[in-house]
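From first to last, the protein sequence lines are chains A and B.
Counting with the working numbering, you get residues 1 to 176 for the letters of the first sequence.
Counting with the working numbering, you get residues 1001 to 1625 for the letters of the second sequence.
What follows is one structure encoded as structure tokens, with my remarks underneath.
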Amino acid sequence: MDIQLNYFAFLGLPESYDIDMGKLSQCYLDLQKTLHPDRFAHKSEREKRMSVQYTAYLNEAVSTLKSPLGRAQYLLHLKGVDTISESSVQLDPAFLFEQMSLRERLEDIKQFEEPFDALDTLSDEVKGLFNSYQSGFKEAYEQGGSALEEAASWVRKMQFAAKLQAEVERVESELD
Amino acid sequence: MALLQIAEPGQSSVPHQHRLAVGIDLGTTNSLVATVRSGEASVLPDKAGEYLLPSVVRYLQEGGVAVGNDARAHAASDPYNTIVSVKRLMGRGIGDVTAFRDTLPYEFESAEAGMPFIRTVSGAKSPVEVSAEILKVLLERAEETLQGELVGAVITVPAYFDEAQRQATKDAATLANINVLRLLSEPTAAAVAYGLDQKDDGIILVFDLGGGTFDVSVLRLNKGVFEVLATGGDSALGGDDFDSVVAEWLAEQVDIRAQMTAGLSRQFMEQARAVKEALTTANEAWATFEIAGQERSVSVSKARFDELIAPLVSKTVRACKKVVKDAGLALTDIQDVVLVGGSTRVPKVREQVEVLFGKKPHVDIDPDRVVAIGAAIQADVLAGNKPDSEMLLLDVIPLSLGLETMGGLVEKVIHRNSPIPVARAQEFTTYQDGQTAMAIHILQGERELVEDCRSLSRFVLHGIPPMAAGAAKIRVTFQVDADGLLGVEAKELSTGVESSIQVKPSYGLNDTQIADMLRASYTAADEDKEKRALREQQVEAERLLIALDQALSVDKALLTKDEYMELNAEMDILRQLKGSGSSRDIEQGVERLAKVSDEFASRRMDASIRKALTGHSIQEIEEGS
Chain A
1 MDIQLNYFAF LGLPESYDID MGKLSQCYLD LQKTLHPDRF AHKSEREKRM
51 SVQYTAYLNE AVSTLKSPLG RAQYLLHLKG VDTISESSVQ LDPAFLFEQM
101 SLRERLEDIK QFEEPFDALD TLSDEVKGLF NSYQSGFKEA YEQGGSALEE
151 AASWVRKMQF AAKLQAEVER VESELD
Chain B
1001 MALLQIAEPG QSSVPHQHRL AVGIDLGTTN SLVATVRSGE ASVLPDKAGE
1051 YLLPSVVRYL QEGGVAVGND ARAHAASDPY NTIVSVKRLM GRGIGDVTAF
1101 RDTLPYEFES AEAGMPFIRT VSGAKSPVEV SAEILKVLLE RAEETLQGEL
1151 VGAVITVPAY FDEAQRQATK DAATLANINV LRLLSEPTAA AVAYGLDQKD
1201 DGIILVFDLG GGTFDVSVLR LNKGVFEVLA TGGDSALGGD DFDSVVAEWL
1251 AEQVDIRAQM TAGLSRQFME QARAVKEALT TANEAWATFE IAGQERSVSV
1301 SKARFDELIA PLVSKTVRAC KKVVKDAGLA LTDIQDVVLV GGSTRVPKVR
1351 EQVEVLFGKK PHVDIDPDRV VAIGAAIQAD VLAGNKPDSE MLLLDVIPLS
1401 LGLETMGGLV EKVIHRNSPI PVARAQEFTT YQDGQTAMAI HILQGERELV
1451 EDCRSLSRFV LHGIPPMAAG AAKIRVTFQV DADGLLGVEA KELSTGVESS
1501 IQVKPSYGLN DTQIADMLRA SYTAADEDKE KRALREQQVE AERLLIALDQ
1551 ALSVDKALLT KDEYMELNAE MDILRQLKGS GSSRDIEQGV ERLAKVSDEF
1601 ASRRMDASIR KALTGHSIQE IEEGS
């Protein structure tokens, strides 16, 4: 059954970190038009249920592949490397120190009278870090084999950066 | 052996029949019903020619019920038995409704489940029952006008409605005996009504300020497919609040606040509403009251009115900015703005929207009717009357769903603005050695602490084999269907012990209560019940047979000869049962046929996926060459 296929195959995309977002959106809409429960509203209960399952799977596939972090984690998952549910990971102290100081900066900014410029600067910096981790991941992933462990450690760094970015955005909307 | 019936390829054995379906806008202040006839969507009037049914229900001493204008006329004289704005109470707990005490005068009593019941002369009524009374009147109006049985209805809900509020709405429909084809979000309905699906693509913002709720949604349109990109607003902000601030100001002017009574408060609210409506065209309006037999009047200028509502209007502006940002867009990306809801008639509101987006909003369709019209168009498609329609409405979940974890924290499982349907699993483990049960507490909301989120439901997974802490793996799967309703399943992975529920909010009606209320509403004898059950099963059987006939005419090739024969034989059995069997016989026949056709259905689904994708790649190959 197609629902067992991996997300790339389900959407007819090559299994790679670089994906064509336009094509992804197009496949998504084409499949929605075929599978969505609205197309089965007057059909049998069984077909309705299947349609819900298929669309849920489609939505999950697309939201995973659209997200730079989700896509990286999923590619590693397909190679048997789990970075999604692992609970304790070793990261180098220099990286952790950098993350901590970024978080402290965010805490400080909250107290500023005029926080928005400082927030923007911090946000740009975090995005820059994310992008560099992303390039690191891509290179290691494409190398494959023993480099996959290295790819996994880039993914962990991406996770940290993504969480921090979400935190920055949360602070921004709270200050608004 | 019985002869097999074979339909001509490409032809269904049953001629196409227009199926009657309606769209219902179950509003805070007014409700409407609309349908598509001869390709044209229109709102259905009552016998007196009125389109709007005031969403007001009055319970009478003698046990009767009045709905609409009759009820509203008594809002001031009989405030405790006349329920207005019941939509605000839908899916709310007793704790939530105390917040409305100031504006709604009812006497609440709490049932064991914590759901608020309103004390009336004919007993305690839940908000779900009150809403069902409104739906019944609309259903009757539709069946009388259309002269036939409805296959179902699309009922609109604010995009911002949470799971509990959606469930309550669906329960009300069940009580009113309405088959819900889909719960559709109001902004999407409005965009459909404007025929914006005829455009090739675009970004649309729907600004919906009703009587009691404010919704703002950003939609993307791409070749007939509407996607809700983000949604927000305020589920407790609307034109009623405009009335409240004006009423309060008026009360200050006549210095009466200390002697306020429920009846007098209604009088002030009504005058405030009249002033608001007059000021949509005039620059000054008068409010008049009768206090202790004396007539008093107060003048309200448009400038004063604008000043009074300014804080409320700027709330709407902030919400717009936030939703646009949530959608990952800038204000300048918005190409169309659609205004919905009677309160968008207030000139100050229109003005602010126009300033914010720098363009004139769509206002051609009556803002009171636009949602019902959109719902009717969607109902027509869902009933199967427009098989070639390209239109598809994709919705998102408005609030995040999660679980309680150690320390009173909420772990989000499905995030806000995820497209639905959606299913997501998360694994959890035990925290004590030998733990054999796990309490699952489901919450909805954006905050991190359990106490700041809305508690939806709790259940317990029993029978976990005793293991060391952290060794058991419990997978909890959340599944949200296309109506935004949640089902949760928990499974221990090493033993397969399972537990699942369809989430019913802690303070909602449970299935038994609904069944009891339904039973109580059938005054008819048992014989009628069997008749009704028989009719229901016949319809179900017919639906399945028609669907299979159509499927076979297109995709017969997906079955082997033996499979085809078996399926046909079962179909014949059901055809016979349909004419002669009892409701129970037909039900079993339907189940059996559904089982036999299972594999066929999944092969068809797979084939259509392949077709959708191949169609796509062929096109690309052509483009590439």
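Backbone N, C-alpha and C define an ideal beta-carbon position, used for all residues, glycine too.
Backbone CA spacing between residue i and residue j [nearest angstrom]
i	j	result
D1433(B)	R1458(B)	23 Å
L1403(B)	Q1167(B)	19 Å
D1243(B)	F1268(B)	9 Å
V171(A)	M100(A)	17 Å
T1231(B)	T1188(B)	11 Å
V1084(B)	S1055(B)	6 Å
T55(A)	V1157(B)	22 Å
A1547(B)	L102(A)	60 Å
M1406(B)	E1427(B)	14 Å
L1219(B)	F1600(B)	36 Å
I1283(B)	L1221(B)	Per the sequence shown, the amino acid found at residue 1283(B) is Asn instead of Ile. Approximately 39 Å between the Cα atoms of the pair.
L1229(B)	G1064(B)	45 Å
I1291(B)	G1195(B)	50 Å
A151(A)	A140(A)	5 Å
L1205(B)	T1281(B)	26 Å
DSSP state of residue i mapped onto helix, strand, coil
i	result
V1254(B)	coil
E1109(B)	strand
E1448(B)	coil
A1525(B)	At A1525(B), the pLDDT of 46 sits below 50, so the modelled position is not reliable; the number obtained from the coordinates is stated separately. Looking at A1525(B) - three-state DSSP - the assignment turns out to be coil, as it is neither helix nor strand.
H77(A)	helix
D1388(B)	coil
L35(A)	helix
T1429(B)	coil
A1612(B)	helix
R1019(B)	coil
V1338(B)	strand
N1568(B)	helix
V1157(B)	strand
S1455(B)	strand
D1208(B)	strand
I1573(B)	helix
R1058(B)	strand
M1438(B)	strand
P1347(B)	helix
P1419(B)	strand
F1242(B)	helix
Whole-number beta carbon distance between residue j and residue i, since they are thought to touch under 8 Å
i	j	result
R1088(B)	T1028(B)	6 Å
P1116(B)	V1097(B)	5 Å
M1391(B)	D1562(B)	In fact, because the Cβ distance is near 39 Å, the residues do not count as touching under 8 Å.
A1272(B)	A1287(B)	7 Å
F1207(B)	G1238(B)	About 12 Å separates the two Cβ atoms, so there is no contact after all.
G1384(B)	H42(A)	4 Å
A1394(B)	E1227(B)	At residue 1394(B) the sequence reads Leu, which differs from the Ala that was named. Rounded, the Cβ-Cβ distance is 5 Å, consistent with contact.
V1033(B)	I1024(B)	5 Å
Q1537(B)	I1586(B)	4 Å
V1067(B)	E1133(B)	5 Å
F1357(B)	L1331(B)	6 Å
T1145(B)	L1044(B)	5 Å
V964(B)	L1574(B)	Look at the range of chain B in this structure, 1001 to 1625, and you will see that residue 964(B) is not part of it.
Beta-carbon proximity list for residue i, same chain, < 7 Å, skipping 5 on both sides
i	result
R1416(B)	I1397, P1398, L1399, S1400 and E1446
D1364(B)	none
R105(A)	L122
V1313(B)	K1348, V1349 and Q1352
Cβ-based neighbour list, residue i, same chain, cut-off 6 Å, excluding 5 preceding and 5 following
i	result
G70(A)	T64
P1361(B)	V1337, L1339 and V1353
S1389(B)	V1381
G1470(B)	T1429
V1370(B)	A1190, A1193 and V1340
E114(A)	none
Proximity test, residue i beta-carbon vs the ligand GDP heavy atom, cut-off 7 Å
i	result
D1549(B)	The ligand GDP is absent from the structure shown, which contains no ligands of any kind.
CB contact check: residue i to chain D, cutoff 8 Å
i	result
E60(A)	Absence of chain D from the displayed structure is noted, the protein chains being A and B.
Sequence-distant residues of its chain with Cβ nearer than 8 Å to residue i (five each side left out)
i	result
L1382(B)	A1021, G1152, V1154, L1181 and R1182
Within the stretch 1115-1200 of chain B, ranges of the beta strand (DSSP E) (whole runs, at least 3 residues): 1116-1120, 1123-1125, 1152-1157 and 1180-1185
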